[in-house]
Amino acid sequence: MSVAAILKAKGTDVQTIEGDASVADAVERLRDETIGALVVSSDGQAIDGVFSERDVITGLADHGEALLSMKVRDLMSTSVATCSPEDGVEKVMLEMTELRARHFPVVDAGRLVGIVSIGDVVKNRLDEVQLEKNVLRDRYMAGR
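The structure is reproduced here in structure tokens:
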């Protein structure tokens, strides 16, 4: 199974924010969209960074209430791992685990085309395991 299959099921909508937006605006967007990360992008296609819930927690610990008036670019993660639509789900899950990253923007031909979360890849894998279980059960029952 590929990342493209996940995007086909969940859609390709990616919530982005500009780096000069306030952290308060970013936190509000995370809440309103019920998501864990925003891709930081000046044009909606290039990836400047990722701003996640983890960045909020770290910023709060480091800066206290002054955090909300800071800019997203001051706290965002700039070392962003990405994947392509052709990448296998197992490969992406392994990379997410190794990097302790919960969100991978999906890039095709240098352009942002989606985002997958660790929840997306785990759900996909659970669906695959359930399908395999059903096939094996059906084969067993047919062979009796």
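The opening residue of the sequence shown carries number 219 in our numbering; numbering runs sequentially from there.
The beta carbon of each residue, even a glycine, is placed where N, CA and C say it ideally should be.
May I ask which residues mark the beginning and end of the alpha helix (DSSP H) holding residue i?
{"i": "I275", "result": "271-281"}
{"i": "I224", "result": "221-228"}
{"i": "I253", "result": "Counting along the chain, I253 falls outside any alpha helix (DSSP H), and DSSP gives it neither H nor E."}
{"i": "I336", "result": "336-361"}
{"i": "V307", "result": "307-317"}
Here's the rule I'm using: 16 or more other beta-carbon atoms within 10 Å means buried, otherwise exposed. How should residue i be labelled?
{"i": "S259", "result": "buried"}
{"i": "N352", "result": "exposed"}
{"i": "V340", "result": "exposed"}
{"i": "I333", "result": "buried"}
{"i": "D273", "result": "buried"}
{"i": "S270", "result": "buried"}
{"i": "L285", "result": "buried"}
{"i": "V290", "result": "buried"}
{"i": "L371", "result": "Because the chain spans 219 through 362 in this model, residue 371 falls outside it and cannot be assessed."}
{"i": "G277", "result": "buried"}
{"i": "M219", "result": "exposed"}
{"i": "A244", "result": "buried"}
What's the gap between the Cα of residue i and the Cα of residue j?
{"i": "D266", "j": "A239", "result": "13 Å"}
{"i": "I224", "j": "A319", "result": "17 Å"}
{"i": "S287", "j": "A242", "result": "7 Å"}
{"i": "D292", "j": "L354", "result": "52 Å"}
{"i": "E251", "j": "P323", "result": "17 Å"}
{"i": "A227", "j": "E346", "result": "14 Å"}
{"i": "L349", "j": "N342", "result": "11 Å"}
Which residue or residues does DSSP assign as beta-bridge partners of residue i?
{"i": "P323", "result": "I333"}
{"i": "S295", "result": "V268"}
{"i": "V258", "result": "I235, G267"}
{"i": "S240", "result": "K289"}
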